[in-house]
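Enquirer: My questions will all concern the structure given below.
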Amino acid sequence: MQEVDTDALTGVYNRNSFNKVVEGVFEFYSNNDAPLTMVMFDIDHFKQFNDQYGHQVGDKVLRLVADRFSYELVDRKAHGQLFRVGGEEFAIIFRGRTADDCEKIVRAIRDDLVKETIRVNNHDRVGIKVSIGISQLRDDDFDFQTFYKRVDDYLYQSKRNKRNSITVEGKVASLN
Numbered sequence: 266m267q268e269v270d271t272d273a274l275t276g277v278y279n280r281n282s283f284n285k286v287v288e289g290v291f292e293f294y295s296n297n298d299a300p301l302t303m304v305m306f307d308i309d310h311f312k313q314f315n316d317q318y319g320h321q322v323g324d325k326v327l328r329l330v331a332d333r334f335s336y337e338l339v340d341r342k343a344h345g346q347l348f349r350v351g352g353e354e355f356a357i358i359f360r361g362r363t364a365d366d367c368e369k370i371v372r373a374i375r376d377d378l379v380k381e382t383i384r385v386n387n388h389d390r391v392g393i394k395v396s397i398g399i400s401q402l403r404d405d406d407f408d409f410q411t412f413y414k415r416v417d418d419y420l421y422q423s424k425r426n427k428r429n430s431i432t433v434e435g436k437v438a439s440l441n
């Protein structure tokens with residue numbers, strides 16, 4: 266059963282698992298006063314890793330990002346559940362955390378990630394940057410799709426802002 270719910274490449278929960286988890290989480294938190302926040306992020310210019318250096322490097326990048334976020338979510342006791350929901354796109358569901366709390370957590374993890382590089386051949390090293398969207402469940406989110414679409418829209422606002430950006434509740438900021 267675990268193979269069905271985890272991504273074979275990165276070891277994190279996959280889209281199938283995400284789909285199973287979110288409906289129950291949405292139902293519980295939409296009828297509860299505790300906050301629920303979702304973060305979506307993707308790896309900036311990921312296609313270039315594959316095109317310029319090959320799919321093995323692209324796979325290495327995906328594993329590094331998943332490992333960094335997985336480890337730090339646990340290490341920070343963040344109550345975040347990480348999913349790979351698309352090629353280079355990830356989502357985190359934070360139970361009991363506000364959007365502001367999650368912004369601090371995700372920025373810190375992202376800051377650690379950009380300090381790392383991947384060796385692509387004997388001498389070249391490349392860095393990784395991400396674009397991020399964050400939103401907290403609202404009273405007017407009548408279904409999960411409404412919530413999901415807003416977070417996805419925030420991710421794309423970050424990408425339109427020259428990438429390497431974070432959008433929290435509609436406010437975009439560039440990351441250094």
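Just add 265 to the spot in the sequence shown (first one is 1) and you have my numbering. Don't be surprised by glycine CBs; every beta carbon is placed ideally from N, CA and C. Owing to the predicted nature of the structure, the values given are computational and were not obtained by experimental measurement.
Where phenylalanine 283 and glutamine 321 are concerned, what is the direct C-alpha to C-alpha distance, given to the nearest angstrom?
Expert: Cα-Cα distance, rounded: 26 Å.
Enquirer: Is aspartate 389 helix, strand or coil when you go by DSSP?
Expert: Aspartate 389: coil per DSSP, three-state reduction.
Enquirer: Under DSSP, the beta strand (DSSP E) around threonine 382 begins and ends at which residues?
Expert: From DSSP, the beta strand (DSSP E) with threonine 382 extends over 382 to 384.
Enquirer: Applying the criterion that 16 or more other CB atoms from any shown protein chain within 10 Å of the CB defines a buried residue, is valine 326 buried or exposed?
Expert: Valine 326 should be labelled buried.
Enquirer: Identify, in the order they occur along the chain, each residue of the same chain with its Cβ nearer than 6 Å to the Cβ of glutamate 353, setting aside the five sequence neighbours on each side.
Expert: Once the five neighbours on either side are set aside, the close Cβ partners of glutamate 353 are Asp307, Ile308, Phe311.
Enquirer: Any chance the segment 415 to 423 sits against the segment 327 to 345, with 3 or more Cβ pairs inside 8 Å?
Expert: In short, these stretches do not touch, since the Cβ pair count stays below three.
Enquirer: Roughly how many angstroms lie between the CA atoms of aspartate 376 and isoleucine 358, to the nearest whole one?
Expert: In a straight line, the C-alpha of aspartate 376 is about 20 Å away from that of isoleucine 358.
Enquirer: Who pairs with serine 282 in a beta bridge, going by DSSP?
Expert: Partner(s): none; serine 282 has no beta bridge.
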